[in-house]
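Written below as structure tokens is the structure these notes are about.
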Amino acid sequence: MITKAHDGLVGALNILFSKANIGKVGLSEVTVGQWKQVQDIVLANEGTLVSECGRLMGRLDLLIADLDENGESKGWIVADLKTGNPPKLKLNEKVSRQLRFYRDLLVEINPDHPQVHAEGWYSSNQTVHRADGPSVLDDAFAAWEGMRHSEEPLAATPGEVQCGFCEWKAWCPVWWSARRDGILPPGSMFRDEVVSAIKFDPESGAALFERMPPVGSDGELAHSDHRFGAILRDQALDQMRELMDSGYEGAIFLGSVRVDGKIVHIGDWCEVLPWTPLLKSVRE
Numbered sequence: 001m002i003t004k005a006h007d008g009l010v011g012a013l014n015i016l017f018s019k020a021n022i023g024k025v026g027l028s029e030v031t032v033g034q035w036k037q038v039q040d041i042v043l044a045n046e047g048t049l050v051s052e053c054g055r056l057m058g059r060l061d062l063l064i065a066d067l068d069e070n071g072e073s074k075g076w077i078v079a080d081l082k083t084g085n086p087p088k089l090k091l092n093e094k095v096s097r098q099l100r101f102y103r104d105l106l107v108e109i110n111p112d113h114p115q116v117h118a119e120g121w122y123s124s125n126q127t128v129h130r131a132d133g134p135s136v137l138d139d140a141f142a143a144w145e146g147m148r149h150s151e152e153p154l155a156a157t158p159g160e161v162q163c164g165f166c167e168w169k170a171w172c173p174v175w176w177s178a179r180r181d182g183i184l185p186p187g188s189m190f191r192d193e194v195v196s197a198i199k200f201d202p203e204s205g206a207a208l209f210e211r212m213p214p215v216g217s218d219g220e221l222a223h224s225d226h227r228f229g230a231i232l233r234d235q236a237l238d239q240m241r242e243l244m245d246s247g248y249e250g251a252i253f254l255g256s257v258r259v260d261g262k263i264v265h266i267g268d269w270c271e272v273l274p275w276t277p278l279l280k281s282v283r284e
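In full-length UniProt numbering, the protein residues as written are 1 to 284.
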């Protein structure tokens with residue numbers, strides 16, 4: 001790890017030296033004058049960018065002067081240091097969008113800016129990849145607007161990636177309907193369930209649950225003949241006890257239970273929560 005970090009540092013510095021019109025030089029051979037030459041082109045490092053309205057924020061690694069062959073500044077370069085695998089042909093779209101976001105935010109808050117472009121500096125092979133393309137600020141503001149509180153929830157897009165580690169399933173009816181419709185697989189060793197408690201022993205943690213299949217897509221449930229036994233321990237057992245002690249009689253969401261034959265194990269890695277689908281805002 002130390003060697004990899006060292007190599008990454010050397011790679012990034014070599015790119016910086018080249019941007020200062022300094023040829024390749026060993027770090028132990030860098031003169032005071034050369035280092036001052038490098039410092040002169042660095043306009044900001046680890047700088048925070050905030051839009052005029054305060055809604056958008058980004059943090060850039062480096063802002064440097066873009067020098068011509070005579071050492072004169074012809075603009076600015078927004079540089080982002082990358083330690084991952086360099087692109088084979090062109091930048092990944094997500095990386096390009098990130099770099100252009102920094103570029104566009106810098107332009108937005110500096111109306112008298114010179115020519116600006118953004119680059120990804122890949123230290124592993126010391127390559128520089130420019131991020132060209134249209135502004136992304138309109139999309140960024142639209143995304144921000146989409147996060148405002150609303151009466152209706154966002155349109156659901158269930159899928160294995162989206163729902164895989166989602167922490168909101170106890171409040172979302174869509175994933176359960178998607179399981180019924182075959183959009184989501186049930187899971188093999190670990191799975192989520194919506195159940196009702198048939199029997200529960202708070203001392204041993206033994207329980208018998210009935211799976212409650214969805215009716216429609218708004219979180220309504222039906223009874224079924226599918227029942228399974230479970231052993232609850234640790235945090236999951238405490239959550240189940242609290243539910244039962246409170247007099248709760250509704251459906252229960254079981255998150256990430258471990259299936260082992262006919263018995264389900266529910267422990268610290270699980271969630272035991274009331275099934276409470278949110279169909280509209282409950283905010284006062």
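Even glycine gets a Cβ: it sits at the ideal position worked out from N, Cα and C.
Since the model is a prediction, treat every value here as computed from it, not as a measurement.
Residues that DSSP places opposite residue i in a beta bridge
| i | result |
| --- | --- |
| serine 196 | Glu210 |
| phenylalanine 17 | Phenylalanine 17 pairs with nothing; no bridge assigned. |
| glycine 205 | Paired residues: none, contrary to the question. |
| asparagine 45 | Leu62 |
| arginine 130 | Glu119 |
| glycine 255 | Glu271 |
| glutamate 167 | Its beta-bridge partners do not exist; DSSP assigns none. |
| leucine 221 | Pro214 |
| aspartate 260 | Ile263 |
The beta strand (DSSP E) enclosing residue i, as first and last residue numbers
| i | result |
| --- | --- |
| alanine 79 | 73 to 82 |
| alanine 251 | Run containing alanine 251: none; DSSP gives neither H nor E here. |
| tryptophan 121 | 116 to 122 |
| isoleucine 183 | That residue, isoleucine 183, is in no beta strand (DSSP E); it is neither H nor E in DSSP. |
| leucine 137 | Counting along the chain, leucine 137 falls outside any beta strand (DSSP E), though it belongs to the alpha helix (DSSP H) covering 137 to 145. |
| valine 272 | 271 to 274 |
CB contact flag (residue i, residue j, <7 Å)
| i | j | result |
| --- | --- | --- |
| leucine 208 | isoleucine 198 | yes |
| tryptophan 269 | serine 256 | yes |
| alanine 44 | serine 123 | no |
| cysteine 218 | proline 153 | The identity of residue 218 in the sequence shown is aspartate, whereas the question assumes cysteine. No. |
| threonine 83 | glycine 8 | yes |
| glycine 47 | leucine 56 | no |
| glycine 71 | asparagine 21 | yes |
| valine 107 | valine 116 | yes |
| cysteine 163 | tryptophan 175 | yes |
| valine 264 | alanine 230 | yes |
| isoleucine 64 | lysine 4 | no |
| arginine 227 | glutamate 210 | yes |
| leucine 243 | glutamate 193 | no |
| tyrosine 102 | glycine 75 | no |
| alanine 79 | leucine 62 | yes |
| methionine 212 | valine 259 | no |
| tryptophan 144 | leucine 81 | no |
| valine 215 | alanine 206 | no |
Chain B contact for residue i (CB, 7 Å cutoff)
| i | result |
| --- | --- |
| isoleucine 252 | The displayed structure is made up of one protein chain only, and chain B is not part of it. |
For residue i, the first and last residue of its enclosing alpha helix (DSSP H)
| i | result |
| --- | --- |
| glycine 33 | 32 to 41 |
| tryptophan 176 | 174 to 180 |
| isoleucine 231 | Unbroken run through isoleucine 231 is the beta strand (DSSP E), 227 to 232; no alpha helix (DSSP H). |
| proline 59 | Proline is not the amino acid found at residue 59; the sequence shown has arginine there. Where arginine 59 is concerned, there is no enclosing alpha helix (DSSP H), although the beta strand (DSSP E) it sits in stretches over 57 to 67. |
| isoleucine 109 | 93 to 109 |
| valine 264 | That residue, valine 264, is in no alpha helix (DSSP H); its beta strand (DSSP E) goes 263 to 266. |
| leucine 154 | Here leucine 154 belongs to no alpha helix (DSSP H), and DSSP marks it neither H nor E. |
Integer Cβ distance of residue i from residue j, believed to fall under 8 Å
| i | j | result |
| --- | --- | --- |
| isoleucine 41 | leucine 67 | 6 Å |
| leucine 99 | alanine 118 | 4 Å |
| aspartate 196 | alanine 251 | Here residue 196 is serine; the residue named in the question, aspartate, does not match the sequence. Between alanine 251 and serine 196 the Cβ distance is about 6 Å, and since that is below 8 Å, they are a contact. |
| proline 277 | tryptophan 168 | That pair is no contact at about 11 Å. |
| phenylalanine 17 | valine 25 | 6 Å |
| proline 202 | arginine 241 | 5 Å |
Inspect the CB distances between the segment 237 to 246 and the segment 175 to 188 and report whether three or more fall short of 8 Å.
-> no
Quick check: the segment 118 to 132 against the segment 80 to 100, are there 3 or more CB pairs under 8 Å?
-> yes
Say whether the segment 143 to 152 touches the segment 31 to 40, bearing in mind that this needs 3 or more beta-carbon pairs closer than 8 Å, one atom from each stretch.
-> no
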